[in-house]
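Going left to right, the sequence shown walks through residues 7 to 322 as the working numbering numbers them.
Ideal Cβ positions, reconstructed from N, Cα and C, are used throughout, including at glycine.
Here the structure is a predicted model, which is why all the values come from computation and not from measurement.
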Amino acid sequence: MRCLTVNAGSTSMKITRLDGEDIVDRYDSLDEAVAAGERIDAVLHRVVHGGDRSAPVVVDDAVEAELRALTELAPLHQPPALDALGRCRSAWPDAPHVACFDTAFHATIPEAARTYALPAELRRQVRAYGFHGLSHAWAVSRVRELAPEARRVVVAHLGGGQSLCAALDGRSIATTMGFTPLDGLVMATRSGSIDPGAVLWLADRVDGLADVLEHESGLKGLSGTDDMRELLDRHDDEARFALDVYLHRLVWLLGGCVAALEGLDALVFTGGIGEHAERLRELVGTRLGWIGPSVQTFVVEAREDLQMVRDAVGVL
(Lines of atoms letter the chains of each structure in order from A; the text may use other names.)
(Lines give C-alpha, C1' and ligand atoms only; values in the text may rest on other atoms or scores of the structure.)
Protein backbone atom coordinates (compact mmCIF):
# COMPACT_ATOMS: atom_id res chain seq x y z
CA MET A 7 0.00 0.00 0.00
CA ARG A 8 1.40 3.37 -1.05
CA CYS A 9 0.54 5.93 1.60
CA LEU A 10 1.13 9.60 2.12
CA THR A 11 1.42 10.50 5.81
CA VAL A 12 0.69 14.10 6.71
CA ASN A 13 1.89 15.23 10.12
CA ALA A 14 0.99 18.86 10.75
CA GLY A 15 2.39 19.66 14.18
CA SER A 16 2.33 22.91 16.12
CA THR A 17 5.83 23.81 14.93
CA SER A 18 6.42 21.73 11.79
CA MET A 19 4.95 19.94 8.77
CA LYS A 20 6.24 16.44 7.97
CA ILE A 21 5.01 14.71 4.83
CA THR A 22 6.27 11.25 3.91
CA ARG A 23 5.44 8.91 1.04
CA LEU A 24 5.77 5.25 1.96
CA ASP A 25 5.50 1.95 0.16
CA GLY A 26 4.41 -0.31 2.98
CA GLU A 27 6.78 0.77 5.77
CA ASP A 28 9.59 1.82 3.43
CA ILE A 29 10.17 5.54 2.92
CA VAL A 30 10.03 6.47 -0.76
CA ASP A 31 10.19 10.25 -0.43
CA ARG A 32 9.81 13.15 1.97
CA TYR A 33 8.28 16.50 1.11
CA ASP A 34 8.71 19.94 2.64
CA SER A 35 5.20 21.08 1.77
CA LEU A 36 1.84 19.84 0.54
CA ASP A 37 2.37 21.75 -2.69
CA GLU A 38 5.51 19.71 -3.33
CA ALA A 39 3.72 16.45 -2.55
CA VAL A 40 0.83 17.29 -4.89
CA ALA A 41 3.21 18.40 -7.64
CA ALA A 42 5.06 15.07 -7.48
CA GLY A 43 2.04 13.47 -9.15
CA GLU A 44 2.61 10.04 -7.64
CA ARG A 45 -0.23 7.56 -7.25
CA ILE A 46 -1.39 7.38 -3.65
CA ASP A 47 -3.51 4.53 -2.27
CA ALA A 48 -4.36 6.30 1.00
CA VAL A 49 -3.58 9.54 2.80
CA LEU A 50 -3.06 9.26 6.56
CA HIS A 51 -3.40 12.36 8.71
CA ARG A 52 -2.13 12.98 12.22
CA VAL A 53 -4.94 14.76 14.05
CA VAL A 54 -4.17 15.81 17.59
CA HIS A 55 -7.67 15.68 19.10
CA GLY A 56 -10.11 12.87 18.38
CA GLY A 57 -12.53 13.52 21.22
CA ASP A 58 -13.99 10.20 22.34
CA ARG A 59 -12.58 8.24 19.41
CA SER A 60 -10.15 5.47 20.33
CA ALA A 61 -9.24 4.30 16.81
CA PRO A 62 -8.52 5.81 13.38
CA VAL A 63 -11.44 6.64 11.10
CA VAL A 64 -11.94 7.16 7.36
CA VAL A 65 -12.81 10.82 6.93
CA ASP A 66 -15.98 12.01 5.25
CA ASP A 67 -17.68 15.41 5.51
CA ALA A 68 -19.40 14.49 8.79
CA VAL A 69 -16.15 13.31 10.42
CA GLU A 70 -14.32 16.43 9.25
CA ALA A 71 -17.03 18.63 10.78
CA GLU A 72 -16.80 16.65 14.03
CA LEU A 73 -13.05 17.22 14.19
CA ARG A 74 -13.42 20.92 13.47
CA ALA A 75 -15.76 21.19 16.45
CA LEU A 76 -12.85 20.07 18.66
CA THR A 77 -10.59 22.95 17.58
CA GLU A 78 -11.10 24.95 20.78
CA LEU A 79 -9.56 22.06 22.75
CA ALA A 80 -6.34 22.11 20.70
CA PRO A 81 -6.13 25.57 19.12
CA LEU A 82 -2.45 25.30 18.13
CA HIS A 83 -2.69 21.88 16.53
CA GLN A 84 -6.15 21.18 15.16
CA PRO A 85 -6.33 24.05 12.61
CA PRO A 86 -3.15 23.17 10.64
CA ALA A 87 -4.06 19.46 10.62
CA LEU A 88 -7.59 20.15 9.37
CA ASP A 89 -6.36 22.65 6.79
CA ALA A 90 -4.01 19.97 5.43
CA LEU A 91 -6.84 17.42 5.55
CA GLY A 92 -9.12 19.64 3.48
CA ARG A 93 -6.41 20.35 0.90
CA CYS A 94 -5.52 16.67 0.61
CA ARG A 95 -9.14 15.60 0.16
CA SER A 96 -9.32 18.01 -2.78
CA ALA A 97 -5.98 16.92 -4.23
CA TRP A 98 -6.66 13.16 -3.90
CA PRO A 99 -10.47 12.86 -4.04
CA ASP A 100 -10.46 9.15 -4.95
CA ALA A 101 -8.12 8.00 -2.16
CA PRO A 102 -9.36 7.21 1.34
CA HIS A 103 -8.25 9.74 3.94
CA VAL A 104 -7.71 8.33 7.42
CA ALA A 105 -7.51 10.45 10.57
CA CYS A 106 -5.13 8.98 13.16
CA PHE A 107 -5.53 10.56 16.58
CA ASP A 108 -2.93 11.57 19.15
CA THR A 109 -5.53 11.05 21.86
CA ALA A 110 -6.37 7.45 20.90
CA PHE A 111 -3.39 5.72 22.55
CA HIS A 112 -4.44 7.17 25.88
CA ALA A 113 -7.95 5.68 25.75
CA THR A 114 -6.64 2.91 28.04
CA ILE A 115 -5.90 5.29 30.92
CA PRO A 116 -8.04 4.24 33.91
CA GLU A 117 -11.12 6.36 34.56
CA ALA A 118 -9.82 7.56 37.91
CA ALA A 119 -6.65 8.86 36.26
CA ARG A 120 -8.49 10.79 33.56
CA THR A 121 -11.18 12.33 35.76
CA TYR A 122 -11.07 15.83 37.27
CA ALA A 123 -12.90 16.54 40.53
CA LEU A 124 -15.68 18.55 38.87
CA PRO A 125 -19.48 18.34 38.92
CA ALA A 126 -20.86 15.51 36.78
CA GLU A 127 -22.25 17.79 34.06
CA LEU A 128 -18.77 19.28 33.50
CA ARG A 129 -16.57 16.21 33.76
CA ARG A 130 -18.40 14.44 30.93
CA GLN A 131 -16.28 16.53 28.55
CA VAL A 132 -13.62 18.11 30.74
CA ARG A 133 -11.26 15.23 31.40
CA ALA A 134 -7.69 14.20 30.69
CA TYR A 135 -7.44 13.12 27.05
CA GLY A 136 -3.65 12.98 26.69
CA PHE A 137 -1.71 13.80 23.53
CA HIS A 138 1.40 12.79 21.53
CA GLY A 139 -0.21 9.35 21.44
CA LEU A 140 1.20 8.34 18.05
CA SER A 141 4.74 9.11 19.20
CA HIS A 142 4.25 7.40 22.55
CA ALA A 143 2.70 4.34 20.91
CA TRP A 144 5.63 3.99 18.50
CA ALA A 145 8.24 4.38 21.25
CA VAL A 146 6.49 1.84 23.49
CA SER A 147 6.25 -0.66 20.63
CA ARG A 148 9.96 -0.28 19.86
CA VAL A 149 10.91 -0.96 23.47
CA ARG A 150 8.68 -4.05 23.47
CA GLU A 151 10.66 -5.27 20.46
CA LEU A 152 14.08 -4.39 21.91
CA ALA A 153 13.48 -5.29 25.56
CA PRO A 154 10.34 -7.45 25.86
CA GLU A 155 11.01 -7.99 29.56
CA ALA A 156 10.51 -4.25 30.23
CA ARG A 157 6.88 -4.07 31.34
CA ARG A 158 6.97 -0.64 33.03
CA VAL A 159 8.02 2.06 30.58
CA VAL A 160 8.08 5.86 30.73
CA VAL A 161 8.37 7.71 27.42
CA ALA A 162 9.60 11.31 27.37
CA HIS A 163 8.46 12.95 24.13
CA LEU A 164 10.51 16.15 24.13
CA GLY A 165 10.13 18.54 21.22
CA GLY A 166 8.27 21.80 20.63
CA GLY A 167 5.47 20.25 22.65
CA GLN A 168 6.45 17.85 25.43
CA SER A 169 4.79 15.12 27.45
CA LEU A 170 5.49 12.00 29.47
CA CYS A 171 3.60 8.72 29.18
CA ALA A 172 3.60 5.83 31.64
CA ALA A 173 2.92 2.55 29.82
CA LEU A 174 2.32 -0.83 31.44
CA ASP A 175 2.55 -3.88 29.17
CA GLY A 176 2.27 -1.62 26.12
CA ARG A 177 -0.81 0.31 27.28
CA SER A 178 -0.92 3.92 28.41
CA ILE A 179 -1.97 4.27 32.06
CA ALA A 180 -0.94 7.90 32.73
CA THR A 181 0.27 10.94 30.84
CA THR A 182 1.19 14.52 31.70
CA MET A 183 -1.00 16.33 29.17
CA GLY A 184 -4.62 16.44 30.22
CA PHE A 185 -7.63 18.30 28.84
CA THR A 186 -5.46 20.24 26.36
CA PRO A 187 -1.87 20.10 25.02
CA LEU A 188 -1.09 23.09 27.24
CA ASP A 189 -0.83 20.90 30.35
CA GLY A 190 2.14 19.24 32.02
CA LEU A 191 5.80 19.87 31.24
CA VAL A 192 7.48 23.20 30.52
CA MET A 193 7.55 23.39 26.70
CA ALA A 194 9.12 25.62 24.06
CA THR A 195 6.51 28.38 24.26
CA ARG A 196 3.79 26.74 26.40
CA SER A 197 3.66 27.15 30.14
CA GLY A 198 2.69 23.63 31.12
CA SER A 199 0.77 23.09 34.36
CA ILE A 200 -0.31 26.18 36.29
CA ASP A 201 -2.47 26.46 39.41
CA PRO A 202 -6.03 27.05 38.10
CA GLY A 203 -6.39 29.79 40.71
CA ALA A 204 -3.43 31.56 39.11
CA VAL A 205 -5.09 31.27 35.70
CA LEU A 206 -8.27 32.88 37.10
CA TRP A 207 -6.16 35.63 38.66
CA LEU A 208 -4.27 36.24 35.41
CA ALA A 209 -7.47 36.26 33.35
CA ASP A 210 -8.58 39.43 35.17
CA ARG A 211 -5.27 41.17 34.57
CA VAL A 212 -3.75 39.99 31.27
CA ASP A 213 -5.24 40.68 27.86
CA GLY A 214 -4.89 37.76 25.46
CA LEU A 215 -3.98 35.33 28.21
CA ALA A 216 -4.47 32.28 25.99
CA ASP A 217 -1.88 33.64 23.57
CA VAL A 218 0.53 34.36 26.43
CA LEU A 219 0.24 30.81 27.81
CA GLU A 220 0.52 29.19 24.37
CA HIS A 221 3.11 31.38 22.61
CA GLU A 222 5.04 33.52 25.11
CA SER A 223 5.63 31.19 28.04
CA GLY A 224 7.64 28.00 28.57
CA LEU A 225 11.35 28.22 27.77
CA LYS A 226 10.73 31.41 25.80
CA GLY A 227 9.13 33.11 28.77
CA LEU A 228 11.86 31.95 31.13
CA SER A 229 14.90 32.70 28.99
CA GLY A 230 13.93 34.65 25.87
CA THR A 231 14.48 31.68 23.56
CA ASP A 232 12.32 28.68 22.67
CA ASP A 233 15.33 26.80 21.23
CA MET A 234 16.70 24.18 23.61
CA ARG A 235 19.98 24.00 21.65
CA GLU A 236 20.58 27.70 22.21
CA LEU A 237 19.64 27.40 25.86
CA LEU A 238 22.09 24.53 26.44
CA ASP A 239 24.88 26.55 24.77
CA ARG A 240 24.32 29.57 27.00
CA HIS A 241 26.01 29.99 30.38
CA ASP A 242 24.22 33.03 31.77
CA ASP A 243 22.13 33.02 34.94
CA GLU A 244 18.85 33.33 33.06
CA ALA A 245 19.61 30.24 30.96
CA ARG A 246 20.71 28.21 33.99
CA PHE A 247 17.56 29.18 35.87
CA ALA A 248 15.34 28.27 32.89
CA LEU A 249 16.96 24.83 32.72
CA ASP A 250 16.49 24.34 36.47
CA VAL A 251 12.78 25.13 36.18
CA TYR A 252 12.46 22.86 33.15
CA LEU A 253 14.29 19.95 34.79
CA HIS A 254 12.44 20.32 38.09
CA ARG A 255 9.06 19.96 36.37
CA LEU A 256 10.29 17.09 34.18
CA VAL A 257 11.75 15.06 37.06
CA TRP A 258 8.80 15.82 39.36
CA LEU A 259 6.21 14.61 36.83
CA LEU A 260 8.38 11.67 35.80
CA GLY A 261 8.39 10.58 39.43
CA GLY A 262 4.60 10.53 39.31
CA CYS A 263 4.72 8.27 36.25
CA VAL A 264 7.05 5.89 38.08
CA ALA A 265 4.67 5.86 41.07
CA ALA A 266 1.71 5.05 38.77
CA LEU A 267 3.71 2.13 37.36
CA GLU A 268 4.92 1.06 40.82
CA GLY A 269 8.45 0.98 39.47
CA LEU A 270 10.35 1.47 36.21
CA ASP A 271 12.03 -0.92 33.79
CA ALA A 272 12.79 1.41 30.86
CA LEU A 273 13.02 5.13 30.18
CA VAL A 274 12.68 6.31 26.57
CA PHE A 275 13.64 9.65 25.05
CA THR A 276 12.05 10.63 21.73
CA GLY A 277 11.12 13.78 19.80
CA GLY A 278 13.50 16.39 18.40
CA ILE A 279 15.01 17.35 21.77
CA GLY A 280 14.79 13.89 23.29
CA GLU A 281 16.65 12.34 20.36
CA HIS A 282 19.32 14.96 19.71
CA ALA A 283 20.09 16.81 22.96
CA GLU A 284 22.55 14.41 24.59
CA ARG A 285 23.53 16.92 27.26
CA LEU A 286 19.90 17.32 28.28
CA ARG A 287 19.54 13.55 28.60
CA GLU A 288 22.62 13.56 30.83
CA LEU A 289 21.15 16.32 33.01
CA VAL A 290 17.92 14.36 33.38
CA GLY A 291 19.84 11.18 34.17
CA THR A 292 21.86 12.96 36.87
CA ARG A 293 18.62 13.89 38.64
CA LEU A 294 17.21 10.38 38.36
CA GLY A 295 19.87 8.55 40.34
CA TRP A 296 17.24 7.62 42.94
CA ILE A 297 15.61 5.25 40.43
CA GLY A 298 18.57 2.88 40.63
CA PRO A 299 20.95 1.27 38.13
CA SER A 300 18.63 -1.41 36.72
CA VAL A 301 16.56 0.88 34.49
CA GLN A 302 17.34 0.57 30.78
CA THR A 303 17.47 3.81 28.78
CA PHE A 304 16.59 4.10 25.09
CA VAL A 305 16.64 6.83 22.46
CA VAL A 306 13.94 6.10 19.89
CA GLU A 307 13.49 8.00 16.65
CA ALA A 308 10.00 9.45 16.49
CA ARG A 309 8.22 7.64 13.65
CA GLU A 310 4.65 8.81 13.87
CA ASP A 311 4.37 8.06 10.15
CA LEU A 312 4.92 4.33 10.69
CA GLN A 313 2.58 4.27 13.67
CA MET A 314 -0.07 5.88 11.47
CA VAL A 315 0.42 3.18 8.83
CA ARG A 316 0.07 0.42 11.42
CA ASP A 317 -2.96 2.04 13.00
CA ALA A 318 -4.68 2.65 9.67
CA VAL A 319 -4.43 -0.96 8.47
CA GLY A 320 -7.48 -1.91 10.53
CA VAL A 321 -9.77 0.63 8.86
CA LEU A 322 -8.41 0.15 5.34
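What residue range does the alpha helix (DSSP H) around M314 cover?
As a working note, residue 314 is residue 308 in the sequence shown. M314 -> alpha helix (DSSP H) spans E310 to A318.
Less than 7 Å between the beta carbons of V64 and V321, yes or no?
The sequence position of residue 64 within the sequence shown is 58, counting from 1. The sequence position of residue 321 within the sequence shown is 315, counting from 1. Contact flag set, yes.
Exposed or buried, which one is A248 when buried takes at least 16 other CB atoms within 10 Å?
The residue given as residue 248 occupies position 242 in the sequence shown. With 16 or more Cβ atoms within 10 Å of its Cβ, A248 is classed as buried.
Quick one: what does DSSP say M19 is sitting in, helix, strand or coil?
What you label residue 19 is simply residue 13 of the sequence shown in a count that begins at 1. The answer is strand: DSSP assigns M19 an E or B state.
A71 and I115 look like a contact to me (Cβ under 8 Å); what is the Cβ gap, rounded to whole Å?
Taking the first residue of the sequence shown as 1, we reach residue 71 at position 65. Taking the first residue of the sequence shown as 1, we reach residue 115 at position 109. Actually they do not touch by this definition, with Cβ atoms about 27 Å apart.
State the DSSP-derived secondary structure class of F111, mapped to helix, strand or coil.
On the sequence shown, position 105 is the one that residue 111 refers to. Three-state DSSP puts F111 in a helix.
Where the beta strand (DSSP E) through H163 begins and ends:
Counted from its first residue, the sequence shown places residue 163 at position 157. Taken as a continuous stretch (DSSP letters only), the beta strand (DSSP E) holding H163 covers R158 to L164.
In angstroms with no decimal places, state the Cα-to-Cα distance between V69 and F111.
Taking the sequence shown and counting its residues from 1, one reaches residue 69 at position 63. Taking the sequence shown and counting its residues from 1, one reaches residue 111 at position 105. Using only the alpha carbons, I get a separation of about 19 Å.
Could you tell me which whole beta strand (DSSP E) segments of length 3 or greater appear in the region 222-295?
272-276
Once you ignore the five residues that flank P202 on each side, which residues in its own chain have a CB closer than 6 Å to its CB?
Looking up residue 202 in the sequence shown gives position 196. No residues qualify anywhere along the chain.
Taking contact to mean at least 3 C-beta pairs separated by less than 8 Å, is the region 188-200 in contact with the region 293-305?
no
C-beta contact flag for V301 and F275 at 7 Å:
Translated into the one-based positions of the sequence shown, residue 301 becomes position 295. Translated into the one-based positions of the sequence shown, residue 275 becomes position 269. No, the Cβ-Cβ distance between V301 and F275 is not below 7 Å.
Okay, do the region 121-136 and the region 148-155 touch, 3+ Cβ pairs below 8 Å being the bar?
no
Where R130 falls: helix, strand or coil (DSSP)
Here residue 130 refers to the residue found at position 124 when the sequence shown is read from its first residue. Looking at R130 - three-state DSSP - the assignment turns out to be coil, as it is neither helix nor strand.
When the Cα atoms are used, what is the spatial distance from D213 to V257?
Along the sequence shown, read from residue 1 onward, the residue named residue 213 stands at position 207. Along the sequence shown, read from residue 1 onward, the residue named residue 257 stands at position 251. Whole-angstrom Cα-Cα distance: 32 Å.
If I'm right that A80 touches T11 with Cβ under 8 Å, what's the distance once you round it to whole angstroms?
Here residue 80 refers to the residue found at position 74 of the sequence shown. Here residue 11 refers to the residue found at position 5 of the sequence shown. With a Cβ gap of about 19 Å, A80 and T11 do not count as contacting.
Nearest-angstrom Cα separation, counted from S199 out to L225
Here residue 225 is taken as the residue at index 219 of the sequence shown, counted from 1. Here residue 199 is taken as the residue at index 193 of the sequence shown, counted from 1. Their Cα atoms are separated by approximately 13 Å.
DSSP three-state call for T77: helix, strand or coil?
Looking up residue 77 in the sequence shown gives position 71. In this structure, T77 counts as helix in the three-state DSSP scheme.
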